[in-house]
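In our numbering, the protein residues as written are 666 to 844.
Every residue, glycine too, gets a C-beta built ideally from N, C-alpha and C.
Heads up: the structure comes next, in structure tokens.
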Ligand code: PRP
């Protein structure tokens, strides 16, 4: 697996340090409140597990699985819900946890959809953000790192379902995905 890696973009210790900072920020923002955190499978799973364990609040877990309509590189902006949550969000303080915001299509759609369920508040937390790739305007509320447009894997991010378990955020060798 490591032979496919060009370089380490964000080493594990920096990732973990930033996760602790975000957790402290969330603790301060939601002091005394109950928080519902929604993990968007599968990419966010690793970040989610690290993040929730740093948050010293009453946190409830939810899991959703979504995917963009149509395989390939183009997106219609429509998102398919593969697995929804089965508890109400009405009146709850909700944070959606993602691994990356790229075109912004997934989260723009998801946020709109979840807002219709009348949560008390709804915020977006992402480990990575690639602002240069936006197709729709979208801003995360808690952002780990803004990164340039490189193909990154690790910390939950994959290429063809591989490399999610790498501890660092790594740049994949172009030869791997241009084969
Ligand atoms: C990734 C990521 C976001 C989405 C971001 O998911 O987890 O959900 O793409 O891209 P966008 O901003 O262009 O919409 P992916 O469909 O790769 O599934 P995964 O989480 O299972 O890896």
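Enclosing alpha helix (DSSP H) for residue 694 [first to last residue]: Here residue 694 is taken as the residue at index 29 of the chain shown, counted from 1. First-last of the alpha helix (DSSP H) with residue 694: 677-694.
Uninterrupted alpha helix (DSSP H) stretches inside the segment 748-818 (no shorter than 4 residues): 770-780
Nearest neighbour of residue 690, chosen from 709, 751, 767 and 720 [CA to CA]: The residue labelled residue 690 in the question sits at position 25 within the chain shown. Answer by Cα proximity: 720.
At least 3 beta-carbon pairs within less than 8 Å: the segment 793-810 vs the segment 770-785: yes
Buried versus exposed call for residue 747 [16 or more other C-beta atoms within 10 Å across all chains shown]: Indexing the chain shown from 1 puts residue 747 at position 82. Classification of residue 747: exposed, given that the 10 Å Cβ count is below 16.
Near the ligand PRP: residue 835 beta-carbon under 8 Å from a heavy atom: Here residue 835 refers to the residue found at position 170 when the chain shown is read from its first residue. No, since every heavy atom of the ligand PRP falls outside the 8 Å radius drawn around the Cβ of residue 835.
Local conformation of residue 820 per DSSP, three classes: In the chain shown, the residue the question calls residue 820 occupies position 155. Here residue 820 sits in coil by DSSP.
Cα-Cα separation between residue 781 and residue 762, rounded to whole angstroms: As a working note, residue 781 is residue 116 in the chain shown. As a working note, residue 762 is residue 97 in the chain shown. Between residue 781 and residue 762, the C-alpha separation is close to 18 Å.
Three-pair Cβ contact test at 8 Å for the segment 669-676 versus the segment 685-701: no
Collapsed DSSP secondary structure at residue 669 in the structure displayed: By one-based count along the chain shown, residue 669 stands at place 4. If DSSP states are grouped into helix, strand and coil, residue 669 belongs with the helices.
Supposed close pair residue 818, residue 837 - CB separation, criterion 8 Å: Along the chain shown, one-based indexing puts residue 818 at 153. Along the chain shown, one-based indexing puts residue 837 at 172. Yes, residue 818 and residue 837 are in contact; Cβ-Cβ is about 5 Å, under 8 Å.
Coarse secondary structure for residue 837, derived from DSSP in three states: The residue labelled residue 837 in the question sits at position 172 within the chain shown. Three-state DSSP puts residue 837 in a strand.
C-alpha distance - residue 701 paired with residue 727, whole-angstrom precision: In the chain shown, the residue the question calls residue 701 occupies position 36. In the chain shown, the residue the question calls residue 727 occupies position 62. Computed Cα separation, rounded: 7 Å.
Cβ-Cβ separation, residue 733 to residue 649 (assumed contact under 8 Å), whole Å: Residue 649 lies beyond the range of the chain shown here (666 to 844); nothing can be said about it.
For residue 790 and residue 711, believed in contact at Cβ under 8 Å, the rounded distance: Here residue 711 corresponds to residue number 46 of the chain shown, with the count starting at 1. Here residue 790 corresponds to residue number 125 of the chain shown, with the count starting at 1. Residue 711 to residue 790, Cβ: 14 Å. No contact.
Beta-carbon gap between residue 750 and residue 808 smaller than 9 Å: Residue numbering aside, residue 750 sits at position 85 when the chain shown is read from its first letter. Residue numbering aside, residue 808 sits at position 143 when the chain shown is read from its first letter. Contact: no.
Among 785, 760, 798 and 830, nearest to residue 708 - alpha-carbon criterion: Translated into positions along the chain shown, residue 708 becomes position 43. With distances taken between Cα atoms, residue 708 lies closest to 830.
Identity of the residue in 687, 827 and 698 nearest residue 713 by Cα: For this step, residue 713 is matched to residue 48 along the chain shown. Nearest option by C-alpha distance: 687.
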